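Worksheet: the structure to be examined is printed underneath.
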Amino acid sequence: MQKGKVELYTDAMVREVLTDEKGMATGVLYIDKKDMKEYKIGAKVVVLAASACETARIMLNSKSKLHPNGLSNSSGVLGRYLHDSTGTDRMGFMPELVDRTRYNEDGVGGLHVYSPWWLDNKKLNFPRGYHIEYWGGMGMPSYGFGFGMDTMRKYITDEVGNPSPNGGYGPALKNDIRRMYGSMIGMSGRGESIPQYDNYCDIDPETVDKFGIPVLRFHYNWTKHEVNQAKHMHETFEEILTGMGAVLLGKKPDETTQNGLAAPGRIIHEVGTSRMGDDPKTSVLNKYAQAHECKNLFVTDAGSFVSQADKNPTWTILALSWRTSEYIIDQLKKQNI
Amino acid sequence: MDRRENIKVLLAGTVATGFLISSGCAPDDIKKSESIIAAGLYGRTPKEIEVDSKLMADTFFSDHEKKIVSLISEIIIPKDDVSIGATEAGVTDFIEFMVKDYPKFQLPIRGGLMWLENLSWATFDNSFVVITPEQRIILVDKIAWPDTAEEDMLYGVKFFNLMRNLVCTGFFTSKEGIKDIGYVGNRPNQWDGVPAEVLKKHGLSYDEKTLKECLKIEDQHKIVQWGEKGNIIG
Ligand SMILES: Cc1cc2nc3c(=O)[nH]c(=O)nc-3n(C[C@H](O)[C@H](O)[C@H](O)COP(=O)(O)OP(=O)(O)OC[C@H]3O[C@@H](n4cnc5c(N)ncnc54)[C@H](O)[C@@H]3O)c2cc1C
Numbered sequence: 000m001q002k003g004k005v006e007l008y009t010d011a012m013v014r015e016v017l018t019d020e021k022g023m024a025t026g027v028l029y030i031d032k033k034d035m036k037e038y039k040i041g042a043k044v045v046v047l048a049a050s051a052c053e054t055a056r057i058m059l060n061s062k063s064k065l066h067p068n069g070l071s072n073s074s075g076v077l078g079r080y081l082h083d084s085t086g087t088d089r090m091g092f093m094p095e096l097v098d099r100t101r102y103n104e105d106g107v108g109g110l111h112v113y114s115p116w117w118l119d120n121k122k123l124n125f126p127r128g129y130h131i132e133y134w135g136g137m138g139m140p141s142y143g144f145g146f147g148m149d150t151m152r153k154y155i156t157d158e159v160g161n162p163s164p165n166g167g168y169g170p171a172l173k174n175d176i177r178r179m180y181g182s183m184i185g186m187s188g189r190g191e192s193i194p195q196y197d198n199y200c201d202i203d204p205e206t207v208d209k210f211g212i213p214v215l216r217f218h219y220n221w222t223k224h225e226v227n228q229a230k231h232m233h234e235t236f237e238e239i240l241t242g243m244g245a246v247l248l249g250k251k252p253d254e255t256t257q258n259g260l261a262a263p264g265r266i267i268h269e270v271g272t273s274r275m276g277d278d279p280k281t282s283v284l285n286k287y288a289q290a291h292e293c294k295n296l297f298v299t300d301a302g303s304f305v306s307q308a309d310k311n312p313t314w315t316i317l318a319l320s321w322r323t324s325e326y327i328i329d330q331l332k333k334q335n336i
Numbered sequence: 000m001d002r003r004e005n006i007k008v009l010l011a012g013t014v015a016t017g018f019l020i021s022s023g024c025a026p027d028d029i030k031k032s033e034s035i036i037a038a039g040l041y042g043r044t045p046k047e048i049e050v051d052s053k054l055m056a057d058t059f060f061s062d063h064e065k066k067i068v069s070l071i072s073e074i075i076i077p078k079d080d081v082s083i084g085a086t087e088a089g090v091t092d093f094i095e096f097m098v099k100d101y102p103k104f105q106l107p108i109r110g111g112l113m114w115l116e117n118l119s120w121a122t123f124d125n126s127f128v129v130i131t132p133e134q135r136i137i138l139v140d141k142i143a144w145p146d147t148a149e150e151d152m153l154y155g156v157k158f159f160n161l162m163r164n165l166v167c168t169g170f171f172t173s174k175e176g177i178k179d180i181g182y183v184g185n186r187p188n189q190w191d192g193v194p195a196e197v198l199k200k201h202g203l204s205y206d207e208k209t210l211k212e213c214l215k216i217e218d219q220h221k222i223v224q225w226g227e228k229g230n231i232i233g
């Protein structure tokens with residue numbers, strides 16, 4: 000590997016991509032976070048990877064004569080089709096796991112166990128599907144460990160089956176916490192939502208951040224598909240937990256909370272804001288994540304996603320970035336950009 | 000990059016210390032990194048360092064309040080055959096830190112301590128700090144059992160629930176508490192599944208096919224060889 004080939008600008012808050020009279024990118028304008036002054040960097044190719052929403056923000060804020068709606072946005076879809084994974088969770092207590100033998104269990108849960116989607120959704124009242132992530136185990140105690148003994152201690156029973164009293168103090172409490180270690184099991188459903196034109200972020204016309212850069216506003220509602228999916232998740236959680244012999248903790252959520260469906264953005268898999276496609280009328284980027292209307296601008300975050308399966312986005316972001324990088328090298332060699 | 004340069008880069012960034020220690024550092028490098036960690040400079044931005052130092056320099060509890068917190072802590076998690084008690088494990092300082100770090104605890108804890116003091120004066124005509132250990136237990140028994148407590152004790156129950164949470168979590172996240180609970184993880188590259196005898200207790204076992212496909216514990220430090228085209232070749 001060669002050294003000294005990269006210049007990294009840190010504490011640099013990009014406000015906009017600069018363009019020339021032909022609409023091509025010429026570099027970026029940023030605010031230095033330390034001296035709060037504006038700087039410009041010139042570039043042959045600009046690659047945005049600021050994460051889906053922030054990239055949309057930069058592009059929407061990059062207005063010019065040739066890009067009056069923001070950069071590469073004559074389609075008007077920049078910021079639209081924003082979507083997150085669906086998510087909801089449930090937890091249970093496993094009496095069989097009280098008084099466990101201690102061993103290294105850092106590898107359990109999400110690291111090694113996962114249920115991919117396994118049903119035929121044609122027979123269900125929602126499209127697509129979800130996977131289940133599991134948690135539990137004898138992990139390193141962190142803040143919150145030992146909380147809730149005022150309601151949970153009753154699940155611990157003695158040799159003759161008498162439950163401990165809730166709450167309390169002293170050696171008996173100390174011992175019940177030891178006995179309970181590693182006996183909780185949780186499930187998180189993470190599913191695919193359907194991208195909607197009407198779910199979007201746009202520029203707030205009256206609010207800026209501390210760098211004076213206009214911020215985003217979000218407009219997002221789940222449809223009945225996602226709400227039905229969450230109901231199905233909860234039915235599945237209960238079936239599995241009960242089948243394992245767990246005591247269900249908490250209550251199954253109902254319609255009043257959209258079946259416990261997490262608010263949009265809570266699963267932090269925001270994607271889709273600068274979607275790719277062959278048709279410049281309905282997409283911002285082409286299949287190489289190159290902007291339709293600004294050939295030397297690329298996006299290598301999840302803005303380019305047209306959908307996201309029930310999976311978490313990072314590996315797909317990496318794979319697409321790799322592909323885009325190769326394409327950029329190819330196009331530079333061919334002097335197309 | 001040579002090793003020294005590597006370490007400089009690691010220290011500048013926010014890579015977990017476990018990685019540093021396990022990657023075969025010279026003792027000098029370990030000492031250097033430990034001093035950086037001890038000074039609270041590790042993985043913190045200048046702004047965070049400022050917030051942390053201000054928080055650490057502040058005092059919330061009065062000496063009197065602190066005494067009550069210690070007494071309650073030791074009642075909740077006392078010393079037993081397995082381990083030391085909460086106060087010796089540093090739980091009082093932990094709670095002092097928590098109320099500063101999470102100001103929403105300040106009012107219920109200060110108010111709760113005062114409420115308990117009032118109860119102590121009303122019952123035994125003296126402060127909780129001065130009454131006998133037996134008398135303290137008489138008071139604590141009024142607020143420690145949420146399912147059976149008298150209605151006019153609910154303020155105290157709520158306060159004691161919060162204290163129980165903080166004392167238990169403070170104790171079991173301390174060095175001694177982690178030893179007590181028997182946590183044996185935090186060993187990079189050393190996870191070998193559930194021991195066979197544990198599986199057996201639950202009527203389970205790994206099947207031969209899975210075992211064959213899984214990484215052997217003795218191979219866990221081997222680094223994969225990549226071919227020209229990015230395929231694993233060994
Ligand atoms: C708590 C949490 C847990 C997650 N867990 C998982 C998981 O288990 N698996 C998974 O696949 N995904 C997970 N995700 C989602 C995943 O982290 C993101 O989808 C992914 O990191 C996005 O990658 P990115 O490169 O697009 O953006 P980021 O990783 O967010 O990187 C964007 C970078 O751009 C910089 N930047 C932003 N704006 C500007 C600007 N104006 N000027 C200059 N620089 C800027 C930022 O500082 C940042 O360094 C999780 C997310 C969170 C928050």
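Residue numbers (numbering that gives the first Met the number 0), protein chains in the order written: chain X, 0 to 336; chain F, 0 to 233.
Glycine included, every Cβ here is placed at the ideal spot set by N, Cα and C.
Quick caveat, the model's predicted, so the values are computed rather than measured.
* Would you say V182/F faces chain X, with C-beta separation under 9 Å as the test? -> It should be pointed out that residue 182/F corresponds to Tyr in this sequence rather than to Val. Interface residue, yes.
* Asked: Can you give the Cα-Cα distance for H291/X and E205/X, rounded to whole angstroms?
  -> 29 Å
* To the nearest angstrom, how far is it from the Cα of P102/F to the Cα of K21/X? -> 55 Å
* **Identity of the residue in S324/X, T54/X, W134/X and G26/X nearest G188/X by Cα** => W134/X
* Asked: When DSSP builds the beta bridges, which residues end up paired with R216/X?
  -> D201/X
* Asked: Just checking my contact of L77/X with L59/X at CB under 8 Å: how many whole Å lie between their CB atoms?
  -> 6 Å
* Asked: Should S61/F and V166/F be called a contact, given that it needs their Cβ atoms to be closer than 9 Å?
  -> no
* To do: Using 8 Å as the cut-off, classify the Cβ of D300/X as near or not near the heavy atoms of ligand 1, replying yes or no.
  => yes
* To do: Buried or exposed for I57/X, please, with buried defined as at least 16 other CB atoms from any protein chain shown within 10 angstroms of its CB.
  => buried
* Do you know whose CA, among V270/X, K223/X and T241/X, lies nearest L369/X's CA? -> Coverage of chain X is limited to positions 0 through 336, which leaves residue 369/X absent and any answer about it impossible.
* Asked: Is L112/F closer than 9 Å to V139/F when the C-beta atoms are compared?
  -> no
* To do: Determine the direct distance from the alpha carbon of N311/X to that of N425/X, and round the result to whole angstroms.
  => Limits of chain X in this structure are 0 at one end and 336 at the other, which puts residue 425/X out of reach.
* F92/X and M186/X look like a contact to me (Cβ under 8 Å); what is the Cβ gap, rounded to whole Å? -> Wrong, their Cβ atoms sit about 13 Å apart, outside the cutoff.
* Taking the DSSP output, what are the residues bridged to S74/X? -> DSSP output for S74/X lists no bridge partner at all.
* Asked: Of all the alpha helix (DSSP H) runs that stay within the bounds of the stretch 81-168 of chain X, which reach a length of 4 or more residues?
  -> 148-151
* **V129/F, buried or exposed, once every other Cβ within 10 Å from all chains shown has been counted against 16** => exposed
* Do you know how far the Cα of N188/F is from the Cα of F144/X? -> 25 Å
* Asked: What is the residue span of the beta strand (DSSP E) that A56/F lies within?
  -> A56/F -> not in any beta strand (DSSP E); alpha helix (DSSP H) instead, spanning P45 to A56.
* Asked: How many angstroms separate the CA atom of S22/F from the CA atom of G233/F?
  -> Its pLDDT being 46, under 50, S22/F is placed unreliably by the model, and the measurement read from it follows with that caveat. Cα to Cα, S22/F sits roughly 22 Å from G233/F.
* **Any non-hydrogen atom of ligand 1 closer than 8 Å to R14/X Cβ** => yes
* Asked: Looking at L316/X and ligand 1, is the gap between the Cβ and the nearest heavy atom below 8 Å?
  -> Note on residue identity: the sequence assigns Ile, not Leu, to residue 316/X. Checking every heavy atom of ligand 1 against the Cβ of I316/X, one is found closer than 8 Å.
* Determine whether the Cβ of V8/F lies closer than 9 Å to any Cβ atom of chain X. => Because V8/F sits at a pLDDT of 37, beneath the cut-off of 50, its placement in the model cannot be relied upon, and the following sentence gives the value as read from the coordinates. Taking Cβ atoms only, chain X never reaches closer than 9 Å to V8/F, which makes this a no.
* Do you know how far the Cα of F297/X is from the Cα of L319/X? -> 11 Å
* Rounded separation between N164/F and G167/X - CA only -> 11 Å
* To do: Run the proximity test for P312/X: is its beta-carbon closer than 8 Å to any non-hydrogen atom belonging to ligand 1?
  => yes
* Using a threshold of 8 Å, is the CB atom of Y29/X nearer than that to any non-hydrogen atom of ligand 1? -> yes
* To do: Could you tell me whether any non-hydrogen atom of ligand 1 is closer than 8 Å to the CB of E269/X?
  => yes
* Asked: Straight-line CA distance for F146/X to E132/X?
  -> 23 Å
* If you draw a straight line from the C-alpha of F131/F to the C-alpha of S163/X, how long is it? -> In the sequence as presented, Phe is not what sits at residue 131/F; that position holds Thr. Rounded to whole angstroms, T131/F to S163/X spans 27 Å at the Cα level.
* Would you check whether ligand 1 has a heavy atom nearer than 8 Å to the C-beta of I202/X? => no
* Smallest Cα separation from K62/X: which of G169/X, L118/X, I202/X and G109/X? -> I202/X
* To do: Select from R265/X, K33/X and P140/X the residue whose C-alpha is nearest the C-alpha of P45/F.
  => K33/X
* Taking the alpha carbon of E133/F as the point to measure from, which residue in P145/F, S119/F, W144/F and D146/F has its own alpha carbon closest? -> S119/F
* Asked: Buried or exposed: N117/F, going by 16 or more other Cβ atoms within 10 Å of its Cβ?
  -> exposed
* Asked: Among K39/X, T18/X, D88/X and D10/X, which one has its Cα closest to the Cα of V67/X?
  -> Residue identity check: residue 67/X is Pro in the sequence provided, not Val. The shortest Cα separation from P67/X among K39/X, T18/X, D88/X and D10/X belongs to T18/X.
* Asked: Should I231/F and Q224/F be called a contact, given that it needs their Cβ atoms to be closer than 9 Å?
  -> yes
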